[in-house]
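**Q** Chains as they are written, first to last, in full-length UniProt numbering: chain L, 1 to 484; chain X, 1 to 262.
Before anything else, here's the structure in question.
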Ligand SMILES: Cc1cc2nc3c(=O)[nH]c(=O)nc-3n(C[C@H](O)[C@H](O)[C@H](O)COP(=O)(O)OP(=O)(O)OC[C@H]3O[C@@H](n4cnc5c(N)ncnc54)[C@H](O)[C@@H]3O)c2cc1C
C-alpha cells in the first residue's frame, strides 16, 4: 500500500471516523477521559449528512423491540435530555406524541403497543373521546382512539452534533474536517495504519461511525463486509406561525415500513410534515420530487386536516443509513481493534446520549484507560440565540445584539459572530445558517443573505466572492465584477 | 388619541403613516434600515419622509419591529429594546421575490441559487454571481438584474420568463418565454438548469440561478405574520412599482386602520 508522501502526524488512542450525531456523541463521551482522541470527517463541517436532515424526535423508546440494543440505548438516553440540553445550549421540548387509529380495526392494535411500551419501561395510555381531544386538540376528528406518549420529545437536531463536537473540542478532542478515510494497513488482525486524503494515523482503536459510508469504511479498514443503502425521507417544513397550532407530535398506526409520515413540531417551533421512506441506490441523491412531497402532505392531512401548504417555507430530503442489520454496534470480527457504530437508521438522535457511553464502555473493556480527565468540562459557554427565548432586553445589552440581520428568524449580528468564533466555528455561510438559522426563514435569505455572507467573509480566507456556501467549491459568486 | 405603529418605511409605509397622522392618529414609523425608502430606495423617499414628519409621524430608524402581541410592539434596534403600545399595527414591510420552494424548483442544493434581492446587493459590493447566470422573472427586478449582470462581466445571460404576451427579449439575453425552471443541478455549485416550455425541456448551462420572479409580501413580524386582529396589511405588489400603486395601497390600509380603531 502506498502510504508514502503523507505525513504521519497522529497516534491517537482512539480514531473516530465520521462526525455525525453518533461520532460526535462518542467523541464527547471520550473527552471526559484522560485519553487522546481524533475525529476524521469528510465533509467541511460536523453533522452535514443524515444527522442534519431528520425529524429531531428524541424518542422515548415506547415502540422499539424490547431488549434490543436500540431500545436499551434509546430508553437510557430519554431521561437525560433536559439536563444535557441546558448544559450545551441545545433547545429541547418534551412535547408528547399521540398515535391515532382511524377505525376500530386499527384500534385493536393499541393494546399490544401499550404492552410493548410497558415492557420498555415507558408509560403510555390509551385515549378516546374527550381525552383524545384534550391531548391532541389538533388531530383529525375522524380518529376513534389513540395512544398518548407523554415522554416523547423534540430536540434541535441540527445544532446537536455541533454542540457535542464543541464540548469534545473544548476538552481536547481534535477534529480533522474535509478529510476522508480512504484505506488502511493491517497487521496481526488489527488495523495498524489508517490513511486519509491528507495524513496517516496509527491509532490504538478505531471507531467506525461513518453513517452511509460505514460499509466502505469497514471494508477499507479490513473489517466485516456489509452493505448500507440509502432510504430517503422527504420533508415539507412549515412556518413557525403554523407551529402555534401544533402542540404535539401526531402519527398513525405503524405499517410495514414503520409509522409513515408524521406531523412534528420542531424544537424551534416550526412544523415538519413527513417523512416518507423510499429505498434508493445513489447515496448522494438528496433531491426532492414533486410527487413524493404531495404524497407526504396528503398522508399527513389524514392525521391533521388543517395542514396548509401556504405555510411551506422549504422542502428537503434526508437519507437514512439502512443496513441488513440495524444497530451494527460492537467489535469487528475481522479487525480486532475496530469498533463498529454503524447502520443506525432511524433513531440515531434518540440513542446518541447513551451510545457515546456504550462505546466508551466497550473501549474501556478492551483496555482503554478509564481515568477521568480532571480538567474536562461538562458545559459550553454559549449565548442562546434570540429566537430561543425572544428576550429582547437580554440581547439589547450587546450592541451587536441590537442589529437583527435575519428578520424572519430574528438572528442578530451577535449570534452570527458567535457562530464564527465558537470552539468548532462555522467556516461557511451554510455553517452559520446551521448554527443560527439565519437565511432559513420564510424569505430564505432574500433580505439577509448579503449581510450574512458579508459577516462570514470577514472570517473566511479569500475574497468576498470566494466565501463558501458549504463544501469546497461552493463559492458565493463566480468572480469579481468588472467596472461599468 | 389612538396609537398606531407602522412597520416599514418604504414608499407605501411612509404614505400610510402620513395619512394616519393627518387623521389625528399618533403614528410611530419603525424601519429596520438606517434610512427611509426601503430596500430599493425610491428617489422621492426623503421628500415623502419629510412630509410625514411634518404631519407628526415619529420615526424610529435602524429598528426592527420584531413582535406584536397584546397591543404591544416589541422593537429592537439602535435604541435598544423598546416596547411601543399600539391599538393597531400596520405591516408595510415591503416585498421580496419568490423563494425556490414557492417556485417549485426541485433538484440539488448546490451553491449559486440566489434570491434576486441579495443579488443586487452582492453586485453592488463587487461579487459577480455567475459568468453564465440564468435569471427567473418577468418584472422590473429581473430586467434590471439581467442588464446589471451583463455589464458586471457575465458572458451569457439567460432570462426565463413565465409570460409571453408582448414580450421583447431584454437586450443581451438569451430568452425563454412561457417557460419555467423545473430543477437545478450541480454540486457543490449549480451548473445546469432544466427549463420547460410547453412540453419541450431544455438543459441550460448556468453557473448561477437568480430568483427574481413575482413580488410577494415580506412577512417577518412575530404574531402578525399572517394578519390577525388589530393587524392591517399594507403591501403594494403590482408591477411596475409606481407612486400611484403605492398611494392606492396606502389609502386602502389607512381606511382599514380607521375601521379597526373604531
Ligand atoms: C428522514 C429521516 C428522519 C429521521 N428521524 C429521526 C428521528 O426523529 N429521531 C431519531 O432519533 N433519528 C431520526 N433519524 C435517524 C438519524 O438521523 C440517524 O440515525 C443518525 O443521523 C445517524 O447518525 P450517524 O452519525 O450514524 O450518521 P451521519 O450523520 O450520516 O454521520 C456519518 C458521518 O460520517 C462521514 N463519513 C462517511 N464516510 C467517511 C469517510 N470515508 N471518511 C470520513 N468521514 C466519513 C459522513 O460524512 C457523515 O458526516 C431520521 C433519519 C432520516 C433520514
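Using N, Cα and C, we set each Cβ at its ideal position, and we do this for glycine too.
Remember, it's a predicted structure, so these values are computed and weren't measured experimentally.
(1) Chain L beta carbons: is any one of them nearer than 9 Å to that of residue 101(X)?
(2) So, is the C-beta of residue 41(X) closer than 9 Å to a C-beta in chain L?
(3) Does DSSP put residue 102(L) in a helix, in a strand, or in coil?
(4) For the putative contact between residue 210(L) and residue 195(L), defined by C-beta atoms under 8 Å, what is the C-beta separation to the nearest angstrom?
(5) Ligand 1 heavy atoms versus the CB of residue 42(L): any closer than 8 Å?
(6) Would DSSP call residue 255(X) helix, strand or coil?
(7) Return no unless some Cβ of chain L is closer than 9 Å to the Cβ of residue 245(X).
(8) Based on Cα-Cα distance, which residue from 272(L), 248(L), 284(L) lies nearest to residue 232(L)?
(9) When DSSP labels each residue in this structure, what does residue 411(L) get in the three-state scheme?
(10) Over what stretch of residues does the beta strand (DSSP E) that includes residue 83(L) continue unbroken?
(11) Helix, strand or coil for residue 129(X) per DSSP?
(12) Taking the alpha-carbon of residue 68(X) as reference, which of 43(X), 216(X), 6(X), 212(X) has the nearest alpha-carbon?
(13) Using CA atoms only, rank isn't needed, just tell me which of 73(X), 88(X), 87(X) is closest to residue 81(X).
(14) Is any non-hydrogen atom of ligand 1 found closer than 8 Å to the C-beta of residue 341(L), if you look at the structure I gave you?
(15) For the alpha helix (DSSP H) containing residue 121(X), list its first residue and its last residue.
(16) Residues of the stretch 7–37 of chain X in Cβ contact with chain L at a cutoff of 9 Å, in chain order, please.
(17) For the stretch 187–246 of chain L, list the beta strand (DSSP E) runs that are entirely contained and at least 3 residues long, ordered along the chain.
(18) What number of angstroms, rounded off, separates the C-alpha of residue 204(L) from the C-alpha of residue 444(L)?
(19) Have a look at the DSSP bridge pairing and note the partners of residue 331(L).
(20) State the CB to CB distance for the pair residue 170(L) and residue 377(L), rounded to an integer number of angstroms; the pair is presumed to be in contact (CB under 8 Å).
(21) Residue 380(L) to residue 186(X), Cα distance in whole Å?
(22) So if DSSP puts residue 468(L) in a beta bridge, which residue, or which two residues, is it bridged to?
(23) Applying a beta-carbon distance threshold of less than 7 Å, which residues of chain X neighbour residue 402(L)?
(24) At the 9 Å Cβ level, is residue 169(X) part of the contact set with chain L, yes or no?
(25) On the three-pair Cβ rule with 8 Å, is the stretch 107–115 of chain L touching the stretch 257–273 of chain L?
(26) Does the Cβ of residue 243(X) have 16 or more other Cβ atoms within 10 Å, making it buried, or fewer, making it exposed?
(27) How is residue 49(L) classed by DSSP in three states: helix, strand or coil?
(28) Any heavy atom of ligand 1 closer than 8 Å to the beta-carbon of residue 191(L)?
(29) Return the bridge partner residues of residue 262(L) from the DSSP annotation.
(30) Along the chain, where does the beta strand (DSSP E) containing residue 233(X) start, and where does it finish?
(31) Take residue 228(X) as the anchor and find which of 124(X), 190(X), 70(X), 123(X) has the nearest alpha-carbon.
(32) Within 9 Å (strictly less), CB to CB, does residue 459(L) reach chain X?
(33) State yes or no: is the beta carbon of residue 229(X) nearer than 9 Å to at least one beta carbon in chain L?
(34) Could you tell me whether the Cβ atoms of residue 240(L) and residue 76(X) are closer together than 9 Å?
(35) According to a CB-to-CB cut-off of less than 8 Å, which residues of the UniProt region "Disordered" (465–484) of chain L neighbour chain X?
(36) For residue 375(L), is the beta carbon positioned less than 8 Å from some heavy atom of ligand 1?
**A** So, from the data block:
(1) Residue 101(X) belongs to the set of residues whose beta carbon lies under 9 Å from a beta carbon in chain L.
(2) Chain L places no beta carbon closer than 9 Å to that of residue 41(X), leaving this residue out of the contacts.
(3) Three-state result, residue 102(L): coil.
(4) Not really, about 15 Å apart at Cβ, beyond 8 Å.
(5) Residue 42(L) Cβ: within cutoff of ligand 1.
(6) Note: residue 255(X) maps to helix in three-state DSSP.
(7) Cβ-Cβ to chain L under 9 Å: no for residue 245(X).
(8) The shortest Cα separation from residue 232(L) among 272(L), 248(L), 284(L) belongs to 284(L).
(9) Three-state DSSP puts residue 411(L) in a strand.
(10) No beta strand (DSSP E) holds residue 83(L); the alpha helix (DSSP H) holding it covers 81–88.
(11) In the structure shown, residue 129(X) sits in coil (DSSP, three-state: anything other than H, G, I, E or B).
(12) Minimum Cα-Cα distance from residue 68(X) among the listed residues 43(X), 216(X), 6(X), 212(X) corresponds to 6(X).
(13) Closest by alpha carbon: 73(X).
(14) With a cutoff of 8 Å, residue 341(L) counts as near ligand 1, since its C-beta is closer than that to a heavy atom of the ligand.
(15) Per DSSP, residue 121(X) belongs to the alpha helix (DSSP H) from 116–124.
(16) Answer set for the stretch 7–37 of chain X: 32.
(17) Here the runs fully enclosed are 190–196, 205–208, 228–238.
(18) Distance between the alpha carbons of residue 204(L) and residue 444(L): 46 Å.
(19) DSSP output for residue 331(L) lists 339(L) as bridge partner(s).
(20) Sure, about 6 Å apart at Cβ, within 8 Å.
(21) When rounded, the distance between both Cα atoms is 37 Å.
(22) BP columns for residue 468(L) point to 475(L).
(23) Residue 402(L) reaches chain X at 76, 77, 78, 80, counting residues in chain order whose Cβ is nearer than 7 Å.
(24) Taking Cβ atoms only, chain L never reaches closer than 9 Å to residue 169(X), which makes this a no.
(25) Because the criterion of three Cβ pairs below 8 Å is not met, the stretch 107–115 of chain L and the stretch 257–273 of chain L do not touch.
(26) Result: exposed.
(27) Here residue 49(L) sits in coil by DSSP.
(28) Ligand 1 never approaches residue 191(L) closely enough for any of its heavy atoms to be under 8 Å from the residue's Cβ.
(29) Partner(s): 274(L).
(30) Secondary structure note for residue 233(X): its beta strand (DSSP E) is the uninterrupted segment 231–233.
(31) Distances from the CA of residue 228(X) to each of 124(X), 190(X), 70(X), 123(X) were compared; the closest alpha carbon is that of 70(X).
(32) No, no contact with chain X.
(33) So, not an interface residue.
(34) In this structure, residue 240(L) keeps its C-beta atom at 9 Å or more from the C-beta atom of residue 76(X).
(35) Residues are counted here when their Cβ sits less than 8 Å from a Cβ of chain X; for the UniProt region "Disordered" (465–484) of chain L these are 465, 468, 469, 470, 471, 472, 473, 474, 475, 476, 477, 478, 479, 480, 481, 482, 484, given in chain order.
(36) No; taking the cut-off as 8 Å, the Cβ of residue 375(L) has no heavy atom of ligand 1 nearer than that.
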